[in-house]
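Going by full-length UniProt numbering, the residue at position 16 of the sequence shown is 46; the numbering climbs one at a time, nothing skipped. C-beta atoms are modelled at their ideal positions from N, C-alpha and C, and glycine is treated no differently. Remember, it's a predicted structure, so these values are computed and weren't measured experimentally. Here's the structure, in structure tokens; my notes come after.
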Amino acid sequence: TVDIGSLYKQEGIFTFDPGFTSTASCKSAITYIDGENGVLLYRGYPIEQLAEQSSFLEVSYLLMYGELPSRETMESFKNSILYHTMINESLLRFFNGFHYDAHPMAMMTGVVGSLSAFYHDQNAMRDPNQRDVFAHRIIAKMPTIAAAAYKHSIGQPFMYPQNHLGYCSNLLHMFFSVPAEAYSPDPVAAEALDLLFILHADHEQNASTSTVRLAGSTGTNPYAAIASGITALWGPAHGGANEAVLDMLHEIGDVKNIPKYIEKAKDKNDPFRLMGFGHRVYKNYDPRAKIIREMCHKVLKRLGKENDPLLELAMELEHIALNDDYFVEKKLYPNVDFYSGIIYKALGIPVSMFTVMFAIARTVGWTAHWLEMVGDPAMRIGRPRQLYVGEGQRDYVPVDRR
Ligand code: ACO
């Protein structure tokens, strides 16, 4: 028999790091996180400054191309995004194949992946200009596809993009317009969405971005790589947490029930976790959560919804958890998803679409990482190793002798 251990020895040393807690899979110049001190920089710019002064499309440009654009560059970038907002009519017909109650993230995975059947010239991706076309196309089309998924789920006709509107106002239009009635997107809602998208745009090598990089490293079609990112984002341990937070708040129902749920979260025999709490990298308050928390009050006030009982419940839950020894010791703070769902809900976005919203914003990060990776002449296929713990070599036993 073969001694598996000695085989590994022959191959030399490699690390065993399940969960990738301390393994850097690549070099990147896009986003910097200091988890101990709660710092997040996009291309060196603090997230707080970008949230206050920039816009989602400008941040998109910054993440992908490394510098803030001049006025002229920004204008032509915006025009290029607007040029690509339409989707092929036959792509729209894909939605008819989905049952009305399909989860929107399931539809997104399928439909975004199918863009690879419309734009399938893999060789074109060797050309940097074609890579830019891909990048602009996917950023432009995500809201259109997301809105089509939403309209399908509620049985309403699809609304075509209106390019005179801004990126987020256009998204609101495609979600909430109906042919029979005039609708004009609320600028407060569009502004809130834009800010949420800035905060969600990138977060270095999280599960979905790493998935996009790994898939992309094989040279696969980039739209297919983005679809793999959507799949990874969907889970409740990652982007699906914003939906799970709202479900959890509804389940808790009342401030008086909070202590019971805190105890459940601490009980190691109970699978329940406080959704929207904890982060692999942040061992301090997530800087994005700080911004969203503040924004939550402002947005709800401006929309006349400041007495939302869910906000009161969330704040009390945060207060109790942050003063509990278990959460203090384990450095479990609210993350970006804790308050984002409350804002999405106030904007009228249905809970099942929350993770789709996240996906629209994170598409920029996925794309920036894909561009960085494929533009690197030293790019190699990603191929993790494993620690084999199975049987040693043994002989096949014919079925009548088993
Ligand atoms: N509630 C209760 N206990 C928790 C929580 C939580 N939300 N999060 C972590 N813990 C505990 C774990 O039980 C573990 O305890 P132990 O040391 O006694 O075993 C310890 O804290 C460390 O947790 P891990 O799961 O090992 O940490 P990891 O870095 O692997 O996971 C994660 C991070 C997935 C975010 C986790 O904190 C979690 O499940 N949180 C809830 C889901 C969530 O909000 N996800 C969104 C993350 S942000 C984003 O992706 C956009």
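Sequence-distant partners of Leu112 (beyond 5 residues in either direction) whose C-beta falls short of 8 angstroms from its own C-beta, in its chain, are Ala170, Asn193. According to DSSP, Thr61 shares a beta bridge with Tyr72.
No Cβ-Cβ contact shorter than 9 angstroms links Val358 with Gly65. Taking 9 angstroms as the cut-off, the Cβ atoms of Phe86 and Cys198 count as close.
Cβ atoms of Glu273 and Val427 stay farther apart than 8 angstroms, at about 48 angstroms. In the DSSP assignment, Glu234 is bridged to no other residue.
Fewer than three pairs of CB atoms, one per stretch, sit closer than 8 angstroms, so the stretch 340 to 353 makes no contact with the stretch 225 to 239. By the Cβ neighbour-count rule, Gly269 is buried, with 16 or more other Cβ atoms within 10 Å of its own. Each residue's CA atom was taken as its position, placing Ser84 and Pro289 some 40 angstroms apart.
Per DSSP, reduced to three states, the secondary structure at Glu102 is helical.
Membership of Asp277 in the alpha helix (DSSP H) is indicated by the continuous run 271 to 282.
Closest by C-alpha distance to Val142, out of Leu121, Arg101, Arg413, Phe44, is Leu121. Using a Cβ distance threshold of 9 angstroms, His309 and Ile60 do not count as a contacting pair. For the pair Tyr374 and Ala319, the CB atoms are not nearer than the 9 angstroms cut-off.
The DSSP-derived three-state label of Phe107 is helix. Residues of the same chain with a CB within less than 7 angstroms of the CB of Ala376, apart from the 5 flanking positions on each side, are Val329, Leu330, Leu333, Lys335, Asp338 in chain order. When DSSP states are grouped into helix, strand and coil, Glu421 belongs to the coil group. When beta bridges are read from the DSSP output, Phe307 appears opposite Pro364. With fewer than 16 other CB atoms across the displayed protein chains lying within 10 angstroms of its CB, Ile43 is exposed.
Distance from the C-beta of Asp338 to the nearest heavy atom of the ligand ACO is not below 8 angstroms. Beyond the five residues adjoining it in sequence on each side, Phe148 comes within less than 6 angstroms, by CB distance, of Asn118 in the same chain, given in chain order.
Annotation for Asn365 indicates a beta carbon within 8 angstroms of some heavy atom of the ligand ACO. Here the alpha carbons of Lys361 and Ser100 stand approximately 41 angstroms from one another. In the three-state DSSP reduction, Val208 falls in the strand class (E or B). Three or more pairs of CB atoms, one per stretch, sit closer than 8 angstroms, so the stretch 217 to 235 contacts the stretch 61 to 80.
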